[in-house]
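Participant: This note's numbering runs 2 ahead of the 1-based position in the sequence shown.
Even glycine gets a Cβ: it sits at the ideal position worked out from N, Cα and C.
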Amino acid sequence: MMKEMATVKDRKLTKATFPVEGMTCASCANSIQSMLNAREGVAEANVNFAGKTLQVAYDESEVNPAQLRETVKEIGFDILIEDTTQEELEERQANALAALKRKTIIAGVLAFPVFVLGMFFHDTFAWGNWAMLILTTPILLWAGQRFFTGAWAQAKHGRANMDTLVALSTGIAFIFSVFNTVYPEFFLDRGLMPHVYFEAVAVIIAFILLGKYLEEGAKDRSSSAIKKLMGLQPKTVRVLRSGTEMELKIEEVQLGDRVVLLPGERVPVDGEVASGTTYVDESMLSGEPLPVQKNPGDLLYAGTINQKGSVQLIAQKTGGETMLAHIIRLVQEAQGSKAPVQKLVDKIAGIFVPIVLVIALLTFAAWLVFGGEAYLTEALLSTISVLVIACPCALGLATPTAIMVGVGRGAENGILIKDAESLEHAHKVNAVILDKTGTITLGKPSVTDVVWAQDTPEQAQLETLFFSMEAQSEHPIAQAIYTFYKEQGQQAVQPDTFNSLTGLGIEATFDGTRYLAGNEKLLRQQDVQLPEHLLQAARQLQEDAKTAIFFANSEQALAVFAVSDPIKPAAAEGIKALHEAGLEVYMLTGDNRQTAEAVARQVGIDHFQAELLATDKSDFVKKLQGEGKVVAMVGDGINDAQALATADVSIAMGQGTDIAMEVAGITLMRSDLTQVAKAVKLSRATVQTIHQNLFWAFFYNVICIPVAAGVLFPFTGFLLSPMIAGAAMALSSVSVVTNSLRLRAKKL
3 MMKEMATVKD
13 RKLTKATFPV
23 EGMTCASCAN
33 SIQSMLNARE
43 GVAEANVNFA
53 GKTLQVAYDE
63 SEVNPAQLRE
73 TVKEIGFDIL
83 IEDTTQEELE
93 ERQANALAAL
103 KRKTIIAGVL
113 AFPVFVLGMF
123 FHDTFAWGNW
133 AMLILTTPIL
143 LWAGQRFFTG
153 AWAQAKHGRA
163 NMDTLVALST
173 GIAFIFSVFN
183 TVYPEFFLDR
193 GLMPHVYFEA
203 VAVIIAFILL
213 GKYLEEGAKD
223 RSSSAIKKLM
233 GLQPKTVRVL
243 RSGTEMELKI
253 EEVQLGDRVV
263 LLPGERVPVD
273 GEVASGTTYV
283 DESMLSGEPL
293 PVQKNPGDLL
303 YAGTINQKGS
313 VQLIAQKTGG
323 ETMLAHIIRL
333 VQEAQGSKAP
343 VQKLVDKIAG
353 IFVPIVLVIA
363 LLTFAAWLVF
373 GGEAYLTEAL
383 LSTISVLVIA
393 CPCALGLATP
403 TAIMVGVGRG
413 AENGILIKDA
423 ESLEHAHKVN
433 AVILDKTGTI
443 TLGKPSVTDV
453 VWAQDTPEQA
463 QLETLFFSME
473 AQSEHPIAQA
483 IYTFYKEQGQ
493 QAVQPDTFNS
503 LTGLGIEATF
513 DGTRYLAGNE
523 KLLRQQDVQL
533 PEHLLQAARQ
543 LQEDAKTAIF
553 FANSEQALAV
563 FAVSDPIKPA
573 AAEGIKALHE
583 AGLEVYMLTG
593 DNRQTAEAVA
603 RQVGIDHFQA
613 ELLATDKSDF
623 VKKLQGEGKV
633 VAMVGDGIND
643 AQALATADVS
653 IAMGQGTDIA
663 MEVAGITLMR
673 SDLTQVAKAV
683 KLSRATVQTI
693 HQNLFWAFFY
703 NVICIPVAAG
713 VLFPFTGFLL
723 SPMIAGAAMA
733 LSSVSVVTNS
743 LRLRAKKL
């Protein structure tokens, strides 16, 4: 539990966050929210279904956490008001998931023989009904207990959800079946068969438990992204106080402390470099692969990685004020539950259940008034038929079966879908944002061009000298050149002298001859001659957003090398596919505008933004959303996590960071942009299937419920028996599943 004080219109409110237990659907979150908002003393309550948390602002003079908990428990849920560590909370969630898994497996094992006996051997064995009763009872009373307790808690407050439908249909069918098993003579004496429906009860509960287990497992995995983000901050830090170096816990660092940072360590707080020079990997913020040089006066951010230099920094932001903490908070907020199709089903269920109850009561009353000699029997059978045929099996299967087939279809195409919400939302997407580095480009800087001033017999020897110079440098571009020649088997020699020229390049001497490697400014400062054709080559390379590095002796330039992050081979094709799918495409990058413009031109993107940090990307997502667009964000790095979590649909490249993939609802295993268009097409086909399934589920009820009530009896003498009602119910489920399976043949 987390608490803080806030003042609202001269009223002191306590803001607290409590873990919530027992939620099974989006309507559960709405129920808790509405109940608490109606509670005296509560200013505002918001429930995050995905995060399983309650954020509430309340007046402690009017209500306390214990009373809030009682209000929540009245409708069948619970909140943890005691201080609970993250580890304890994770253990409770793991235990709950394990218990649900155990119930799902046992229910499935028991349901199978009940299904076989009920469907194929119901008249074969005299003891068959008793066997089904024995097997179904634990399914109903133990495995399915949550549906009945949930339905009762909702009913006490005049509410209904999917639990209500499950409890009502299975409960009535079970009671009717038990009656016919224990006292079959009641219907036999009246010339009717005492049918039982144990198989319907068992299979419905087993299937719905399976769906709940899959849903809970997906929600629990979403929290791992937050854990990894939190893991980027060190637990301890070295601080200089009064000239003495001491190791403190990260929570003990104060503003103004002088923090000592060694090579290879993560930056613990946001601060300004006080002394020393180094290169820092800021890819978690900018997404760019090249480390950034940091000199005194430059800013460092928590979670970034110091590479080779030792520096000291002055702490300016600590704890919850750092850039990393800000990203974590935004990711947590953006990972809140969205409105999936299942929420619509829950709303419909709230109307559907009372309607079915009214129809059942009217059916019973009509037969009592207008029935013939066997009016009581026919009234009871017709009422049972109405309730049995209104079983929510097809309604409950409409969404999950389509989702399961859609997810499997995606996996076959290298598209891993982690939650149903992302698959459901993707069909509405009309704007796609692509991160540049690692998404459009490979994310690995390398040498792309080598232009020599002239071909000479000494070229091989000069390449050895150039490689040897770059091998001495710590600059990231030098590392790309070093890797380029190392892969060719080049061997370095030791220079006589070596010197790094900050902001310009490097110089070295070999056997008394001086050589230079760096930018054009370095060569002009040293009065080195630049051949016109070499200078023109460098200009062309720079227009293509490549970094030009000159190699020269003390008199003239010998060659120019280009270092760039190559565009992925399928990038242009993937972006073309997105355009053909009717989507607007945007590119975001932390790189400079010249590079961004060149990359956008090469791959066919009209809209791009450059020089952005993680928060800028997230703000751009919100900007598009404010314009009414449904946004999909495609990224691969930690710096993309915030924008991924903010977007309506988040897509991660499979070769990206773990955090990007954990935050994202969809992961492309082949890091191929053509997969983005396929994911959108898959979503459109899946949602279309869900809508078709829901139509069939309701179609059977709309047609069959009146028939079950006996509307045809006055004209044809036909009265639907509960057995036929059960068959119609099963047929609706078969139709839904069969329609979902059609997704397997869908071309993406």
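Taking only the alpha-carbon atoms, compute the straight-line gap between residue 145 and residue 653 and give it to the nearest angstrom.
Facilitator: Approximately 36 angstroms, taken between the alpha carbons.
Participant: Is residue 654 close to the ligand ATP? I mean its beta-carbon at under 7 angstroms from any heavy atom of the ligand.
Facilitator: The model on display carries no ligand, and the ligand ATP is accordingly not part of it.
Participant: Hey, how far is the Cα of residue 171 from the Cα of residue 197?
Facilitator: Using only the alpha carbons, I get a separation of about 16 angstroms.
Participant: Check residue 338 in the structure and name its three-state DSSP category.
Facilitator: Legend: pLDDT at residue 338 = 37, less than 50; position of this residue unreliable, no value from coordinates given.
Participant: Using a C-beta cutoff of 8 angstroms, does residue 237 count as contacting chain B?
Facilitator: Protein chain content of the structure displayed is limited to a single chain, and chain B is not contained in it.
Participant: Mark residue 248 as exposed unless 16 or more other C-beta atoms lie within 10 angstroms of its C-beta, in which case mark it buried.
Facilitator: The residue is exposed, with fewer than 16 neighbouring Cβ atoms inside 10 Å.
Participant: Return the first residue and the last residue of the alpha helix (DSSP H) that residue 686 is part of.
Facilitator: Its alpha helix (DSSP H) spans residues 676–711.
Participant: For residue 15, I'd like the list of residues in its chain whose CB is within less than 7 angstroms of its CB, leaving aside the five on either flank, ordered along the chain.
Facilitator: These residues qualify, in order along the chain: 8, 45, 59, 60 and 61.
Participant: Quick one: residues in its chain with C-beta nearer than 6 angstroms to the C-beta of residue 150, no 5 flanking neighbours on either side, listed in chain order?
Facilitator: Taken in chain order, the residues that qualify are 169.
Participant: Spell out a yes or no on whether the segment 490–504 and the segment 463–479 are touching, meaning 3 or more CB-CB pairs, one atom from each, closer than 8 angstroms.
Facilitator: Because the criterion of three Cβ pairs below 8 angstroms is met, the segment 490–504 and the segment 463–479 touch.
Participant: Would you list the one or two residues that DSSP bridges to residue 250?
Facilitator: Per DSSP, 239.
Participant: In the DSSP assignment, find the alpha helix (DSSP H) that holds residue 70 and state where it starts and stops.
Facilitator: Its alpha helix (DSSP H) spans residues 67–76.
Participant: Are there 16 or more other CB atoms within 10 angstroms of the CB of residue 742, so buried, or fewer, so exposed?
Facilitator: Residue 742 is buried by the Cβ-count criterion.
Participant: According to the neighbour-count rule (16 or more other Cβ atoms, all chains shown, within 10 Å of its Cβ), is residue 129 buried or exposed?
Facilitator: By the 10 Å Cβ count, residue 129 comes out exposed.
Participant: How many angstroms separate the CA atom of residue 443 from the CA atom of residue 737?
Facilitator: The alpha-carbon atoms of residue 443 and residue 737 are separated by roughly 45 angstroms.
Participant: Starting from residue 260 and walking both ways along the alpha helix (DSSP H), at which residues does that stretch end?
Facilitator: Counting along the chain, residue 260 falls outside any alpha helix (DSSP H), though it belongs to the beta strand (DSSP E) covering 260–263.
Participant: Are three or more beta carbon pairs between the segment 102–110 and the segment 76–85 nearer than 8 angstroms?
Facilitator: No: fewer than three Cβ pairs fall under 8 angstroms.
Participant: Could you say if the segment 418–430 and the segment 558–576 meet the contact criterion of at least three C-beta pairs nearer than 8 angstroms?
Facilitator: No contact exists between the segment 418–430 and the segment 558–576.
Participant: Among 486, 518 and 542, which one has its Cα closest to the Cα of residue 531?
Facilitator: With distances taken between Cα atoms, residue 531 lies closest to 518.
Participant: Within 10 angstroms of its Cβ, does residue 369 collect 16 or more other Cβ (buried), or is it exposed?
Facilitator: Buried is the call here.
Participant: Give me the Cα-Cα distance between residue 2 and residue 410, rounded to the nearest whole angstrom.
Facilitator: The requested residue 2 is not part of the displayed model; the chain covers only 3 to 750.
Participant: For residue 305, I'd like the list of residues in its chain whose CB is within less than 7 angstroms of its CB, leaving aside the five on either flank, ordered along the chain.
Facilitator: The residues are 234, 235, 268, 269, 286 and 326.
Participant: On the three-state DSSP scale, how would you describe residue 571?
Facilitator: Three-state DSSP puts residue 571 in coil, outside helix and strand.
Participant: Could you say if the segment 609–619 and the segment 708–721 meet the contact criterion of at least three C-beta pairs nearer than 8 angstroms?
Facilitator: At 8 angstroms Cβ cutoff, the stretches do not touch.
Participant: Are the segment 354–363 and the segment 678–686 in contact at 8 angstroms, needing three or more beta carbon pairs?
Facilitator: Touching, no, given that fewer than three Cβ pairs across the two stretches are closer than 8 angstroms.
Participant: Give me whichever residues DSSP pairs with residue 511 in a beta bridge.
Facilitator: DSSP output for residue 511 lists 499 and 516 as bridge partner(s).
Participant: Give me whichever residues DSSP pairs with residue 274 in a beta bridge.
Facilitator: Its beta-bridge partners are 301 and 316.
Participant: Are there 16 or more other CB atoms within 10 angstroms of the CB of residue 256, so buried, or fewer, so exposed?
Facilitator: Exposed, since its Cβ has fewer than 16 Cβ neighbours within 10 Å.
Participant: Considering residue 130, what are the terminal residues of the alpha helix (DSSP H) in which it resides?
Facilitator: From DSSP, the alpha helix (DSSP H) with residue 130 extends over 130–140.
Participant: Is the beta carbon of residue 77 less than 8 angstroms from the beta carbon of residue 156?
Facilitator: Yes.
Participant: Between the segment 713–722 and the segment 450–469, are three or more C-beta pairs nearer than 8 angstroms?
Facilitator: Counting Cβ pairs under 8 angstroms, fewer than three are found: no touch.
Participant: Quick one: what's got a C-beta closer than 6 angstroms to residue 297's C-beta in the same chain, skipping five residues either side?
Facilitator: So the list reads 279, once near-sequence residues are dropped.
Participant: Determine the DSSP secondary structure at residue 244, reduced to helix, strand or coil.
Facilitator: Note: residue 244 maps to coil in three-state DSSP.
Participant: Measuring CB atoms only, is the segment 197–206 touching the segment 109–123, in the sense that at least three cross pairs come out at less than 8 angstroms?
Facilitator: Yes, they touch.
Participant: Could you say which of 259, 691 and 462 lies nearest to residue 276 if we only look at CA atoms?
Facilitator: Checked all of 259, 691 and 462; the closest Cα to residue 276 is 259.
Participant: If you check the beta carbons only, do residue 433 and residue 586 fall under 8 angstroms apart?
Facilitator: Their beta carbons are under 8 angstroms apart, which means residue 433 touches residue 586 by this criterion.
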